[in-house]
Amino acid sequence: MITFTDAHRKRMIEEAASGVVNLQRSVRQNAITHKQWAVGELFSLNELQQRLNDTLAAYESIRAKLRHFRDVVIQSDPGFLSVGDSLKLTLSSVGTVGDEVANAIDTFAAMPRTTYADIISACDYLITNVDAPPSVWD
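Position one of the sequence shown corresponds to residue 7 (the numbering used here), numbered consecutively onward.
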């Protein structure tokens, strides 16, 4: 078996950071897409609601993996903290972004989505509160 080293810890921290940023990007882009679908009534209300529910389930799967990394993996190996510090990427800053995105998702999930207007309003909430992550390509 290959020895677990700081190189592995670094990779896992970078994956978690990337996962949080990708979740942020996905939440915003999906909200824009879902709003367009609702405005144009491109799907029946039931089908659009199901698509929203499927999206929320996908977000929850990603969040569960990130929570497991934070609450179980990192807690069981103090080496992660020193690797995070050496990367100048504090695990708490990744957690802060993750928490902000998670709070926006939770608020969206609790909002009414029973009409096209409700869906548009809920999507507007996400578009307003979850900005696109910064990128060197923008």
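The beta carbon of each residue, even a glycine, is placed where N, CA and C say it ideally should be.
Of the listed residues the options, nearest to residue i (C-alpha basis)
i: Ala22; options: Val103, Asp83 and Ala123; result: Val103
i: Leu29; options: Met117, Asp124 and Val100; result: Val100
i: Ser92; options: Ser141, Arg15 and Met7; result: Arg15
i: Ala11; options: Val136, Pro140 and Ser88; result: Position check: residue 11 holds Thr in this sequence, whereas Ala was assumed. Checking every option, the nearest Cα to that of Thr11 belongs to Ser88.
Cβ shell of residue i (< 6 Å), same chain only, five flanking positions each side left out
i: Leu97; result: Gly90
i: Cys129; result: Ala37, His40 and Lys41
Cβ-based burial, residue i [other Cβ within 10 Å; buried from 16]
i: Phe75; result: buried
i: Arg73; result: exposed
i: Phe86; result: buried
i: Ala70; result: exposed
i: Trp43; result: buried
i: Arg119; result: buried
i: Ile8; result: exposed
i: Val136; result: buried
Beta-carbon contacts of residue i that lie in its chain and below 7 Å, excluding the five residues immediately before and after
i: Glu131; result: Here residue 131 turns out to be Tyr, not Glu, going by the sequence shown. Counting only Cβ-Cβ distances below 7 Å, and skipping sequence neighbours, we find Thr113, Phe114 and Met117.
i: Ala138; result: Arg31 and Arg34
i: Glu47; result: Tyr122
8 Å CB neighbourhood of residue i in its chain, flanking five on each side removed
i: Ala63; result: none
i: Val4; result: Lying before the first or after the last residue shown, residue 4 is absent from the chain, which here runs from 7 to 144.
task: Decide if the region 26-37 is in contact with the region 106-119; the criterion is three or more beta carbon pairs, one per stretch, under 8 Å apart.
output: Per the Cβ contact rule, the region 26-37 is in contact with the region 106-119 (3 or more Cβ pairs under 8 Å).
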